[in-house]
Amino acid sequence: MKHLAIAAGILAATSAVAADKPQLTVYTYDSFVSDWGPGPKVEEAFEAECDCDLNLVGVEDGAALLSRLRLEGKNTDADIVLGLDTNLITAAKETGLFAPHSVTADYTLPVDWTDTVFVPYDWGYFAFVHNADLPAPANFRALADSDTKIIIQDPRSSTPGLGLLLWVKAAYGEDAPAIWADLADNIVTVTKGWSEAYGLFLEGEADMVLSYTTSPAYHVIAEEDASKAAAAFDEGHYMQVEVAAKLANSEQSELADQFLTFMVSDKFQQIIPTTNWMYPAVTPSSGLPEGFDTLVTPQKSLLFDQETAASVRDQALSEWLGALSQ
Amino acid sequence: MAGRAQPVTPWPGIGAASLVAALILGTLATVALRAETGGGFNPADWAALRFTLVQATLSALFSAALAVPVARALARRRFPGRRALIALLGAPFILPIIVAILGLLQVFGRAGWISDLLGTVGLPPIQIYGLHGVVLAHVFFNLPLATRLILQGWQEIPAERFRLAAQLGCGGMAMFRLIELPMLRRILPGVLAVVFAICLTSFAVALTLGGGPRATTIELAIYQAFTYDFNLGRAALLSAVQLALTTFAALAALKFSRGDGFGAGLNRAIRRWDGGTPVLDTLWILAATAFLLLPLASVVISGVLGVFEMPILVFQAALTSILVAVASTAILLLLALPMATAIATGRTGIVELSGILGLAASPLVIGTGLFVLIRPLANPTDLALPVTALVNAVMALPFALRILVPAARDTVDRHGRLALSLNMNNHTFFTRILLPRLRPQIGFAAGLTAALSMGDLGVIALFADARIATLPLQIYRLMGAYQMQAAAGGALLLLILSMGAFWILDRGGRWHAEA
């Protein structure tokens with residue numbers, strides 16, 4: 000028990016540092032706060048201009064982040080929540096916990112952004128990543144007709160998994176169940192999260208894995224490895240737009256506004272591409288890093304609006320379960 | 000038995016058991032009370048329940064059935080490196096799940112070593128994904144544990160029994176029927192119940208190896224209820240179902256595992272004269288070693304490449320993990336020793352039950368419940384490590400009890416009456432007789448807990464912030480940041496630390512004793 004006391008003591012001591020400055024607490028997903036994510040650089044850049052202490056709290060992923068917030072309700076310690084996506088916005092607004100923002104920016108998103116509560120900070124396209132020497136199928140039908148093996152994530156436990164569900168639904172509507180039935184023999188397995196799926200793909204368990212069009216950029220920029228590519232599908236690619244918002248009950252309302260404005264500024268946006276491996280919501284004046292120009296750019300962007308995403312989600316899930324549980 | 004005078008009091012054990020039960024049921028109740036909507040069972044839940052039961056039952060049967068010949072072979076043979084092998088065989092059990100999955104599929108997957116080998120002679124790759132894949136993975140995780148528990152049963156048979164049987168001219172079969180079978184009848188139900196309970200809460204392994212949503216388990220449904228639907232009522236209900244199933248399995252195991260021990264011996268080194276079939280024994284040992292160590296070899300090989308890419312943070316996380324493991328082990332011993340004593344004096348019911356509940360409790364439910372309970376009192380993030388250590392200890396408790404109880408029971412039976420007639424007080428009996436005689440079991444249980452606690456992600460992900468990370472969490476973070484190679488290095492480090500902790504504690508317990 001002594002060790003527990005020591006551990007608790009050490010932790011309490013570290014969290015008491017810098018208590019005199021105003022503290023802004025941002026809840027986000029775990030990979031954002033990790034040392035390889037944007038977190039540390041964002042913290043440094045914001046603290047340099049706010050004379051405050053930025054406290055980043057990481058929760059597993061976007062969906063778990065919203066659950067944490069619902070669990071804490073109005074008593075939450077969070078001033079900002081950063082890391083939900085468009086599929087979660089409707090559910091997030093229903094909690095009534097969020098306040099409108101006053102941010103304006105020249106977004107470089109492929110879609111118009113008019114939401115009054117949530118501010119986008121990055122975005123990307125879901126895509127199947129494969130080894131560059133593989134002749135990749137050009138759409139879901141061609142994939143289903145081929146022998147190409149894929150690994151996907153479960154929509155019930157993973158954000159990309161849910162993205163794929165909505166992608167097929169947005170592209171094929173009522174034909175989605177038939178597409179899933181045809182895809183069933185291409186799917187090697189379904190994993191809990193992105194890491195398992197990508198790890199198995201790198202081990203060679205499948206020809207393609209569900210990820211993002213920006214994934215090859217990681218391999219090119221961080222590993223100087225051009226062997227990975229994303230397959231361009233001609234029915235279009237579903238988008239993920241990641242957003243943040245201010246909590247209505249925040250005691251640091253002004254600081255929170257300052258953070259949201261900072262979030263769409265160059266200082267924040269130029270950190271995003273090579274740490275979060277997504278496109279910045281506002282392309283910084285320095286442009287995109289070298290390597291991003293080699294990525295495939297989908298001809299068509301697919302994205303359900305917030306309400307539709309929330310309403311088709313459950314039906315799309317039951318279609319998916321039905322087709323793959325045969 | 001409970002009515003008889005006992006040399007040692009069961010009350011501290013009953014107290015510890017109540018604490019454990021309060022933690023598990025209290026967190027469940029907390030989650031249920033926070034629910035805004037009630038939770039009913041939908042058709043998908045029934046399908047999940049069915050699949051969960053089928054895979055857990057099969058996994059338990061296969062693990063136990065395969066563990067018997069392996070344990071028997073290990074019990075009968077002496078060869079150089081035997082102890083090291085036994086320790087190493089325990090490794091699959093302590094790996095973080097994601098690492099174990101990658102290692103397993105590196106060997107058995109479509110592009111795995113075996114498929115490659117088949118490919119060179121023109122055969123198609125093995126089809127690993129499906130119910131058989133789930134069972135294979137669960138056997139991989141649980142065979143070592145089952146083998147160790149059964150092997151311990153063999154080691155607790157006094158050497159004099161084998162000596163007498165050999166003098167009477169018993170061959171292999173007669174030896175099995177007269178000595179070994181009664182021992183197995185006593186040990187196996189508990190082993191089956193433990194493996195069944197572990198597999199009941201499987202999620203990522205079942206889904207990945209099962210090849211798709213057919214392999215949906217209750218634990219996945221709980222996760223979905225928490226994050227996808229935010230339906231706490233459903234999460235609590237599903238978790239209660241898991242607990243009920245485990246309770247049922249545990250009660251069945253207790254009912255069937257009654258039987259007398261072998262009485263006292265002089266603690267001589269065991270010698271076997273029923274040499275019988277060294278070929279068969281050797282084959283069993285080789286097969287089990289290949290099955291368990293090949294995936295580990297793949298973890299080691301990928302890890303060696305990644306070791307030089309590990310950032311310093313991985314080593315900091317390793318230190319944190321060691322701290323958590325030490326705390327967990329201490330908590331575990333404080334709970335398990337009194338509980339094992341209470342069970343040994345005949346207080347089986349509630350103490351045994353709350354001991355096994357830790358296996359069936361969904362970490363997500365315990366974590367969320369603790370989070371809700373702690374939040375009004377303190378910042379949960381500040382308590383991330385103590386909470387992780389506590390939950391890890393409770394999760395390891397069922398294993399520790401399986402290990403400690405048989406020996407504790409024998410000790411109380413053998414020495415209880417003499418101690419009572421000498422008017423020995425509780426404390427003296429506990430410290431002078433029970434503890435010294437349980438030393439090997441304590442070492443094994445402590446080693447297992449330290450290793451498990453080191454490798455388990457546990458509830459840290461629910462509580463941690465950027466400043467705190469255990470090694471398993473840091474491995475997940477590396478993977479999430481595309482750094483698969485550095486993550487593999489971290490996994491190797493974790494493997495070494497876990498095995499090291501296990502080795503030290505297990506050896507400590509067996510110091511001056513024949514294993």
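Residue numbers (numbering that gives the first Met the number 0), protein chains in the order written: chain A, 0 to 325; chain B, 0 to 514. Note that CB positions come from ideal geometry on N, CA and C, so glycine has one too. Only a predicted model underlies this, so the values are computations on that prediction, with no experimental measurement involved.
Per DSSP, which one or two residues make a beta bridge with residue 52/A? 22/A
Using a Cβ-Cβ distance cut-off of 8 Å, determine whether residue 42/B contacts chain A. no
Count the other CB atoms, across all protein chains shown, that sit within 10 Å of the CB of residue 335/B; report buried if there are 16 or more and exposed otherwise. buried
Entirely within the segment 144-184 of chain A and at least 4 residues each: give me those alpha helix (DSSP H) ranges in chain order. 158-171 and 175-182
Mind checking whether residue 19/B and residue 472/B have CB atoms under 8 Å apart? no
Could you name the residues of chain B that residue 40/A contacts, counting a contact when the two beta carbons are closer than 8 Å? Those do not exist, as residue 40/A stays about 12 Å from chain B at its closest Cβ, beyond 8 Å.
CB-CB under 6 Å to residue 66/B, same chain, minus the five flanking residues each way: which ones, in chain order? 142, 145, 146 and 149
Quick check: is the beta carbon of residue 109/B nearer than 8 Å to any beta carbon in chain A? yes
Excluding sequence positions up to five away, which residues of its chain have a Cβ less than 8 Å from the Cβ of residue 46/B? 215
According to DSSP, simplified to helix, strand and coil, what is residue 90/B? helix
Is there a Cβ of chain B sitting closer than 8 Å to that of residue 88/A, yes or no? no
Spatial neighbours of residue 57/B within its chain, please: CB distance less than 6 Å, with the 5 preceding and 5 following residues excluded, ordered by chain position. 134
Nearer than 7 Å: is that true of the beta carbon of residue 422/B relative to any heavy atom of the ligand PLP? In the structure on display, the ligand PLP does not appear, and there are no ligands present to speak of.
Buried or exposed by the 16-neighbour rule on C-beta atoms within 10 Å, applied to residue 12/A: Residue confidence for residue 12/A is low, a pLDDT of 46 falling below 50, so the modelled location carries little weight; the figure read from the coordinates is stated next. By the neighbour-count rule (16 or more Cβ atoms within 10 Å), residue 12/A is not buried but exposed.
Going by beta carbon distance, what residues of the same chain come within less than 6 Å of residue 73/B, once the five residues before and after it are set aside? 150
Between residue 118/A and residue 262/A, how many whole angstroms is the CB-CB distance? I'm expecting something under 8 Å. 6 Å
Please list the partners that residue 210/B has in chain A, where partner means a Cβ-to-Cβ separation under 8 Å. 186, 187, 188 and 189
With a threshold of 8 Å on Cβ separation, who are the neighbours of residue 359/B within its own chain once the five nearest residues in sequence on each side are excluded? 196, 199, 200, 241, 242, 244, 245 and 246
Let me see if you follow: with CB-CB separation under 8 Å, is residue 153/A close to chain B or not? yes
For chain A, check one thing: does any of its Cβ atoms lie closer than 8 Å to the Cβ of residue 525/B? Because chain B in this structure spans residues 0 to 514, residue 525/B falls outside the shown range and cannot be described.
I'd like the span of the beta strand (DSSP E) that includes residue 236/A, first residue to last. 236-246
So what does DSSP say about residue 217/B, is it helix, strand or coil? helix
Contacts of residue 310/B in chain A (Cβ-Cβ under 9 Å): 34 and 35
With respect to the beta strand (DSSP E) encompassing residue 129/A, which residues constitute its N-terminal and C-terminal limits? 118-130
C-alpha gap between residue 38/A and residue 459/B, whole angstroms: 19 Å
Below 8 Å on the Cβ atoms is my guess for residue 80/A versus residue 64/A; work out the distance and round it to an integer in Å. 7 Å
CA-CA distance, residue 60/A and residue 82/A? 8 Å
At 4 residues or longer, and completely inside the segment 51-129 of chain B: list those alpha helix (DSSP H) runs for me, N to C. 81-88, 96-107 and 112-119
Taking the straight line between their C-alpha atoms, what separation do you get for residue 338/B and residue 202/B? 30 Å
Chain-ordered chain A contacts of residue 520/B [CB-CB under 8 Å]: In this structure chain B extends from 0 to 514, so residue 520/B is not present and cannot be described.
Looking only at its chain, what residues have a beta carbon closer than 7 Å to the beta carbon of residue 129/B, apart from the 5 residues adjacent to it on each side? 209 and 210
Taking beta-carbon pairs under 8 Å, can you tell me which members of the segment 186-213 of chain B lie near chain A? 202, 203, 206, 207, 208, 209, 210, 211, 212 and 213
Would you grab the beta carbon distance between residue 535/B and residue 320/A for me? Rounded to a whole angstrom, and I think it's under 8 Å. Any question about residue 535/B goes unanswered here, given that chain B covers just 0 to 514.
Just confirm the distance between the C-beta atoms of residue 77/A and residue 68/A, as a whole number of angstroms; I'd bet it's less than 8 Å. 7 Å
So residue 294/B packs on residue 50/B, CB below 8 Å; how close in whole Å? At roughly 24 Å, the Cβ-Cβ gap does not stay under 8 Å, so residue 294/B and residue 50/B are not in contact.
What are the boundary residues of the alpha helix (DSSP H) that includes residue 217/A? 214-222
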